[in-house]
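Residues 288 to 656 (this note's numbering) make up the sequence shown, in order. Ideal Cβ placement from N, Cα and C applies to all residues, glycine included. Beneath this line is the structure, given in structure tokens, with notes to follow.
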Amino acid sequence: MPTCQIELRSPARCGVTLHLSDQNRLRWTVAAVRSHALLRDSLARRAQANAAHITDNIHLMERGNALSAHDAPEGVHVVLWDGYNSLLELQARQPAIAARTDIVYLCIGMVPEVVAVLPAGTMPLYDPEPASAADMASNKHARMPAGYDFHRQLRTRLRMLRNWQISHDRHRQLSQGGMIVFCGLIRPSESVLQGFLRGTQINPNWVQSSGLVNLAWQGEVHTVKMTLLSACAQLMNELRALPASTPADWAAVYSLMNVMHRLGTLCQIHAASKHLFVNEYAQQQHFDPYDAAGYGHNLFVDFGSVRGPDALYPRRVDMELNGKPSLSLRWLPEGHTVADCLQEDSTDWLWQRCSADAARSLAQLKTLR
């Protein structure tokens with residue numbers, strides 16, 4: 288279990304203990320502490336009263352019945368990696384945690400309909416005003432242990448070697464540049480979609496009737512379009528049939544729409560250009576260009592977290608730290624709620640957004656080639 292002791296330099300000098308579930312999550316949390324002033328303020332206030340600690344929902348859930356005061360001391364800051372879903376699962380697994388009011392939750396996935404029901408004091412893990420790579424790597428406000436940044440940079444070079452070992456051809460393709468890049472979830476499995484619906488009122492039969500399970504997004508564009516519009520219309524009908532939508536319902540809908548946006552946008556890019564590089568989650572062997580030192584002559588399209596519209600989230604942090612040219616593509620317009628988009632009678636807006644984002648991606652690629 289990775290543990291790190293860091294020293295805040297502002298707003299006040301104090302120590303902070305980070306106890307995260309793995310090295311990746313430690314890296315992402317360090318970037319947040321370095322770049323998020325309000326988070327540092329919260330940690331400094333806690334340090335004045337006792338001591339400042341950050342852990343995450345995964346660690347606390349894994350502790351099970353062995354959970355102790357050492358794992359979750361008074362005033363602990365807890366990262367919710369999957370947003371509202373993580374909160375519900377943690378509170379169900381650890382009832383003692385659910386009863387506490389001293390915990391500061393650090394949330395990834397600030398879905399508008401969910402924000403109002405999060406526990407008092409909850410804040411986004413990352414500053415809503417996107418930080419620069421320099422901020423996320425700087426010791427100005429938070430000093431890391433000796434060697435931390437050296438080992439972080441070394442790991443990104445070792446990742447290049449690992450990628451080469453996984454696939455010489457794919458490593459060479461990205462090293463040459465000129466590609467639109469996306470690695471992650473594209474065509475969802477039934478279990479992934481059912482996971483999004485866990486804890487909601489949405490009929491689980493929607494998953495099979497939607498046509499999204501393992502949808503052949505590289506196939507005929509019209510077929511993909513009709514499937515997505517039908518799935519979106521069915522989802523809207525499911526919501527309208529509910530007596531009252533819950534925050535969990537809206538969180539799930541955000542995730543489902545995010546996946547549909549990816550499918551529609553990448554389908555159209557694939558149809559228009561041979562310069563698309565994808566590595567699909569659960570479909571191909573893991574290949575990580577994000578936490579790697581190279582591949583900077585490609586365009587990395589960023590659909591955001593499936594959990595919410597946050598400008599910064601772990602993958603984007605890795606892109607920023609490693610200097611990846613990127614293009615932010617969000618299905619939910621800034622300042623809108625999920626309900627705003629799903630109140631329209633037609634679902635054409637979804638395909639129009641996918642088309643616009645595909646065109647933006649292709650235009651942006653030309654500036655790099």
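Taking Cβ positions, are L543 and L522 nearer each other than 9 Å?
Reading the sequence shown from its first residue, position 256 is the one you call residue 543. Reading the sequence shown from its first residue, position 235 is the one you call residue 522. Yes, Cβ-Cβ distance for L543 and L522 is below 9 Å.
From which residue to which residue does the alpha helix (DSSP H) around E507 run?
Along the sequence shown, one-based indexing puts residue 507 at 220. Element bounds for E507: n/a, residue is neither H nor E.
Which stretch, first to last residue, makes up the alpha helix (DSSP H) that contains Q571?
Working through the sequence shown from its first residue, we reach residue 571 at position 284. It is not in any alpha helix (DSSP H) - Q571 carries neither H nor E in the DSSP assignment.
Only counting the same chain, and skipping five residues up and downstream in sequence, which positions put a Cβ closer than 6 Å to that of L563?
Translated into positions along the sequence shown, residue 563 becomes position 276. Excluding residues within five positions, the ones whose Cβ falls inside 6 Å are I467, I556 and H557.
Would you kindly work out how many angstroms separate the C-alpha atoms of V363 and L307, rounded to a whole number?
Here residue 363 refers to the residue found at position 76 when the sequence shown is read from its first residue. Here residue 307 refers to the residue found at position 20 when the sequence shown is read from its first residue. Spanning the two alpha carbons is a distance of roughly 12 Å.
With distances taken between CB atoms, is the gap from V593 to L502 smaller than 9 Å?
Walking along the sequence shown from the start, residue 593 turns up at place 306. Walking along the sequence shown from the start, residue 502 turns up at place 215. No, these two residues do not count as a Cβ contact at 9 Å.
Do G595 and V401 have their C-beta atoms closer together than 9 Å?
Translated into the one-based positions of the sequence shown, residue 595 becomes position 308. Translated into the one-based positions of the sequence shown, residue 401 becomes position 114. Result yes, Cβ atoms of G595 and V401 sit closer than 9 Å.
State yes or no: is the C-beta of Y577 nearer than 8 Å to some heavy atom of the ligand ZN?
As for the ligand ZN, it is missing from this structure, which has no ligand bound.
Could you tell me which uninterrupted alpha helix (DSSP H) segments, each at least 4 residues in length, are contained entirely in the segment 333–379, listed from first to last along the chain?
Segments of the alpha helix (DSSP H) lying fully in the segment 333–379: 344–350.
Can you give me the C-alpha to C-alpha distance between K512 and G551, rounded to a whole angstrom?
If you number the sequence shown from 1, residue 512 lands on position 225. If you number the sequence shown from 1, residue 551 lands on position 264. Each residue's alpha carbon lies about 7 Å from the other.
Rounding to the nearest angstrom, what Cα-Cα distance links R474 and T510 in this structure?
Here residue 474 refers to the residue found at position 187 of the sequence shown. Here residue 510 refers to the residue found at position 223 of the sequence shown. Taking the straight line from one Cα to the other gives about 14 Å.
Within the 9 Å Cβ cut-off, does E631 reach chain B?
You won't find chain B in this structure, because it holds only one protein chain.
Below 9 Å between beta carbons: does that hold for N655 and P612?
The count along the sequence shown starts at 1 and reaches residue 655 at position 368. The count along the sequence shown starts at 1 and reaches residue 612 at position 325. According to the sequence provided, residue 655 is Leu. The question's Asn does not apply to it. Yes; because the gap between Cβ atoms is below 9 Å, this pair is in contact.
In terms of residues, what are the limits of the beta strand (DSSP E) holding V468?
Here residue 468 refers to the residue found at position 181 of the sequence shown. Taken as a continuous stretch (DSSP letters only), the beta strand (DSSP E) holding V468 covers I467 to G471.
Which first and last residues belong to the beta strand (DSSP E) in which Y392 is found?
Position 105 of the sequence shown, counting from 1, holds the residue named residue 392. That run of the beta strand (DSSP E) goes V391 to C394.
What do you get for D597, buried or exposed, if any count of 16 or more other CB atoms within 10 angstroms of its CB means buried?
Translated into positions along the sequence shown, residue 597 becomes position 310. Classification for D597: buried.
So the candidates are L313, P601 and A424; which of them puts its Cα closest to the Cα of Y413?
Walking along the sequence shown from the start, residue 413 turns up at place 126. Here the closest residue by C-alpha is P601.
Would you decide whether Q572 is buried or exposed? Buried here means 16 or more other CB atoms lie within 10 Å of its CB.
Within the sequence shown, numbered from 1, the residue matching residue 572 stands at position 285. Flag for Q572 reads exposed.
Which class does P399 belong to by DSSP, given the choice of helix, strand or coil?
One-based indexing of the sequence shown puts residue 399 at position 112. DSSP places P399 in helix when its eight states are reduced to three.
Take V604 and list the residues in its own chain whose beta-carbon comes closer than 7 Å to its own, dropping the five residues that flank it on each side.
The residue given as residue 604 occupies position 317 in the sequence shown. Excluding sequence neighbours, V604 sits near W315, A318 and M423.
From which residue to which residue does the alpha helix (DSSP H) around D644 run?
Indexing the sequence shown from 1 puts residue 644 at position 357. Counting along the chain, the alpha helix (DSSP H) containing D644 begins and ends at D635 to L655.
Give the secondary structure of H306 by DSSP, where H, G and I count as helix, E and B as strand, and everything else as coil.
Stepping through the sequence shown from its first residue, residue 306 is reached at position 19. If DSSP states are grouped into helix, strand and coil, H306 belongs with the strands.
Can you find the residues in the same chain that come closer than 8 Å, C-beta to C-beta, to G302, ignoring five residues on each side of it along the sequence?
Working through the sequence shown from its first residue, we reach residue 302 at position 15. Result list for G302: Q292, I293, E294, L295, A334, A338 and A339, in chain order.
Can you give the Cα-Cα distance for P289 and A331, rounded to whole angstroms?
Translated into the one-based positions of the sequence shown, residue 289 becomes position 2. Translated into the one-based positions of the sequence shown, residue 331 becomes position 44. Whole-angstrom Cα-Cα distance: 22 Å.
Would you tell me roughly how many angstroms separate the C-alpha atoms of I395 and L616, rounded to the nearest one?
Looking up residue 395 in the sequence shown gives position 108. Looking up residue 616 in the sequence shown gives position 329. Answer to the nearest angstrom: the Cα atoms are 17 Å apart.
Please say whether N352 and L374 have beta carbons closer to each other than 9 Å?
Against the sequence shown, residue 374 aligns to sequence position 87. Against the sequence shown, residue 352 aligns to sequence position 65. No, the pair does not count as a contact, with Cβ atoms beyond the cut-off.
Hey, how far is the Cα of N585 from the Cα of G464?
Mapped onto the sequence shown, residue 585 falls at position 298. Mapped onto the sequence shown, residue 464 falls at position 177. Cα-Cα distance, rounded: 5 Å.
Using only alpha-carbon positions, find the residue among A650, R380, E361 and Q440 that is nearest to R350.
As a working note, residue 350 is residue 63 in the sequence shown. Among A650, R380, E361 and Q440, the Cα nearest to that of R350 belongs to R380.
So what's Q460 in DSSP terms, helix, strand or just coil?
Working through the sequence shown from its first residue, we reach residue 460 at position 173. Q460: helix per DSSP, three-state reduction.
In the DSSP assignment, find the beta strand (DSSP E) that holds V593 and state where it starts and stops.
Indexing the sequence shown from 1 puts residue 593 at position 306. No beta strand (DSSP E) holds V593; DSSP gives it neither H nor E.
Identify which residue in R312, T514 and I489 has its Cα closest to the Cα of S532.
Translated into the one-based positions of the sequence shown, residue 532 becomes position 245. That would be I489, whose Cα lies nearest to the Cα of S532.
Between R457 and Y577, what straight-line distance do the alpha-carbon atoms span, to the nearest angstrom?
Along the sequence shown, read from residue 1 onward, the residue named residue 457 stands at position 170. Along the sequence shown, read from residue 1 onward, the residue named residue 577 stands at position 290. Computed Cα separation, rounded: 14 Å.
Rounded to whole angstroms, what's the CA-CA distance from W618 to L599? Just pull it up for me.
For the purposes of this step, residue 618 is identified with residue 331 of the sequence shown, where counting begins at 1. For the purposes of this step, residue 599 is identified with residue 312 of the sequence shown, where counting begins at 1. Between W618 and L599, the C-alpha separation is close to 15 Å.
Select from N524, V494, E507 and A535 the residue whose C-alpha is nearest the C-alpha of G370.
Position 83 of the sequence shown holds residue 370. Residue A535 is the option with its Cα nearest to G370.
Where DSSP assigns a beta bridge to R430, which residues make up the other side?
Within the sequence shown, residue 430 is the residue found at index 143, counting from 1. DSSP output for R430 lists E294 as bridge partner(s).
Taking F469 and V588 to be in contact with their CB atoms under 8 Å, please state how far apart those CB atoms are, rounded to whole angstroms.
Translated into the one-based positions of the sequence shown, residue 469 becomes position 182. Translated into the one-based positions of the sequence shown, residue 588 becomes position 301. With a Cβ gap of about 5 Å, F469 and V588 count as contacting.
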